[in-house]
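Only one structure is covered here, and it is reproduced in the block below.
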Amino acid sequence: MYPDLDFSSLLAEDQDDFPMDDESHDESSYENDDEPPNEIDERPRLINFVIPDLYKTHNFAGNIELFLLGDSGPDDANRILLFGRESHGGWAAQMKTVFLDGTFKITPAPFSQVYVISAERNHFVFPILQLYCRMIPALSFVRLNDVKQYAATLFETLPDCLDQVGSWFEHNYIGAEVRRGGRMVQIQPRFPHQLWNVHQRTIDGQHRTNNYAEAGNRRIQSEMGMETPTMGYFIDRLKLIQRGRDQAHVRWLQGYQAKPKRTKYRMADERILKVIEQYDNRSPIEFLGGVALNFMMD
C-alpha cells in the first residue's frame with residue numbers, strides 16, 4: 001500500500017513551498033529559541049542505547065511512514081542502523097545501479113561511520129510522491145491493453161475518501177466483474193476504453209482533447225455579450241463574430257502563423273510524452289503519478 005499524501009502541500013508550484021520533512025522539528029514551534037527536544041542522550045556512550053519512537057518514523061506532508069528500516073540490535077557490539085523511506089520498497093526491484101559512499105565527519109558517537117546508499121532510477125534519485133486525485137484521469141494515458149490492470153492497482157491504493165470516486169469511475173470507464181447466478185459476469189463500461197484512451201494519440205502527437213472546441217465555445221459566449229439574447233441580436237452578433245473569423249482566415253492565407261500553444265502547456269506535453277516513453281521502466285503507480293504531476297483539474 002502506498003502512503004496517503006497531503007495533496008495541497010504536494011501541489012505547491014515551488015519546492016520552497018513544501019513542508020519540512022518532519023514538522024515536529026520545525027524550529028518555529030520552540031519557545032524562547034530553545035533547542036529542539038532530544039529524547040536520545042546528546043552523546044550516548046554505549047552502543048546499547050534505546051531509540052525512541054519519535055526517531056523511527058518520517059513525516060512528510062502529513063504522511064507518516066517507517067524511517068528506521070533496520071537495527072541489528074542493542075546487543076550487537078557492531079550495531080548497524082538503517083534509515084530510509086519505507087515507501088521506496090515499492091520500486092526496490094528496479095534498483096539496478098547503487099551508489100555507496102562512507103563518511104566520518106558527520107558520524108555521531110558511539111558509531112564509527114555513516115554510509116550513504118543511493119539508488120539510480122533513470123538518472124534520478126528522488127522520493128516517490130503519489131497524487132491520487134489526478135491519477136484517476138491519468139489512466140487515459142495507459143496502454144489500451146493495460147487499462148484494467150493499472151486501474152485495479154490504483155483502486156487498491158486509493159485512500160478511503162476516494163472509494164466512491166473510484167467506484168464511479170470503474171462503473172463508467174473501466175467495467176467490473178459481478179457475480180450472477182453463481183458465475184462471474186463482465187459488465188461493460190458506459191464509455192469503452194477506445195473512446196477515451198489517449199496513449200497512442202500522445203505518442204503520435206495528435207490532439208488528445210476537444211479543448212479547441214471548448215475554447216471556441218467560450219469565446220463565442222464572451223463575444224455574444226449577454227445570456228438568452230433575442231433572435232435578432234443573436235444573428236447580428238453571430239455575423240459580427242463571423243467577420244472576425246473571416247479576417248483570421250485571410251491572415252492565414254497570407255502566411256501568418258497561428259498563435260502557438262502556450263509554453264507551459266507545450267512543456268507539459270513534452271514531459272507527459274517522456275513519461276510515456278519510460279512506460280516499461282515504471283511501476284503502474286509511478287507512471288500514473290508521473291502523468292498526474294503534469295496537469296491540473298478544475
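If you count the sequence shown from 1, position 24 lands on 24 in the UniProt record's numbering, and the numbers rise without skipping. Each residue gets a CB set at the ideal place from its N, CA and C atoms; glycine is no exception. Owing to the predicted nature of the structure, the values given are computational and were not obtained by experimental measurement.
Coil, strand or helix - residue i by DSSP
i, result
"Leu253", "helix"
"Asn48", "coil"
"Gly73", "coil"
"Met267", "helix"
"Ile80", "coil"
"Ile64", "strand"
"Glu35", "Interpretation of Glu35 is limited by its pLDDT of 44, a score under 50 that renders its predicted location unreliable; no figure is taken from the coordinates."
"Met184", "strand"
"His207", "coil"
"Gly225", "coil"
"Asn294", "coil"
"Thr157", "helix"
"Phe191", "coil"
"Thr202", "helix"
"Asn197", "coil"
"Met135", "helix"
"Ala109", "coil"
"Ser283", "coil"
"Arg85", "coil"
"Gln278", "coil"
"Lys148", "helix"
"Lys259", "coil"
Where residue i falls, given that 16 or more other Cβ within 10 Å makes a residue buried
i, result
"Asp26", "Bear in mind that the predicted position of Asp26 carries a pLDDT of just 42, short of 50, making it too unreliable to give a figure here."
"Asn172", "exposed"
"Ile276", "buried"
"Tyr256", "exposed"
"Leu144", "exposed"
"residue 319", "No information on residue 319 is available, as it lies outside the stretch 1 to 298 that the chain covers here."
"Arg282", "buried"
"Glu170", "buried"
"Val250", "exposed"
"Gly181", "exposed"
"Glu156", "exposed"
"Gly166", "buried"
"Leu5", "Residue placement at Leu5 is poorly supported in this model, since its pLDDT is 38, which falls under 50; the coordinates are not used for a value here."
"Thr202", "buried"
"Phe287", "buried"
"Ala292", "buried"
Beta-carbon proximity list for residue i, same chain, < 6 Å, skipping 5 on both sides
i, result
"Ile64", "Thr57"
"Gly70", "Leu82"
"Pro74", "Asn48"
"Asn294", "Ala268, Arg271, Ile272"
"Pro284", "Tyr150, Thr153"
"Arg79", "Ile47, Ser72"
"Glu177", "Met184, Gln186"
"Tyr115", "Gly102"
"Gln247", "none"
"Asp53", "none"
One or two residues paired with residue i in a DSSP bridge
i, result
"Tyr115", "Gly102"
"Phe141", "BP columns for Phe141 are empty, so no partner."
"Glu177", "Gln186"
"His58", "Glu65"
7 Å CB neighbourhood of residue i in its chain, flanking five on each side removed
i, result
"Gly175", "Gln186, Ile187, Gln188, Pro189"
"Ser140", "Trp196, Asn197, Val198"
"Met224", "Arg237"
"His205", "Here residue 205 turns out to be Gly, not His, going by the sequence shown. Once the five neighbours on either side are set aside, Gly205 has no close Cβ partner at all."
"Ala93", "none"
"Gly244", "none"
Sequence-distant residues of the same chain with beta carbon closer than 8 Å to residue i, five excluded per side
i, result
"Val147", "Leu139, Ile174, His193, Asn197"
"Leu66", "Lys56, Thr57, His58, Glu86"
Residue-chain proximity (residue i, chain C), Cβ-Cβ < 8 Å
i, result
"Gly181", "Looking for chain C here will not work: only one protein chain is present."
Heavy atom of the ligand NAP within 7 Å of residue i beta-carbon
i, result
"Thr157", "This structure lacks the ligand NAP, and indeed carries no ligand of any kind."
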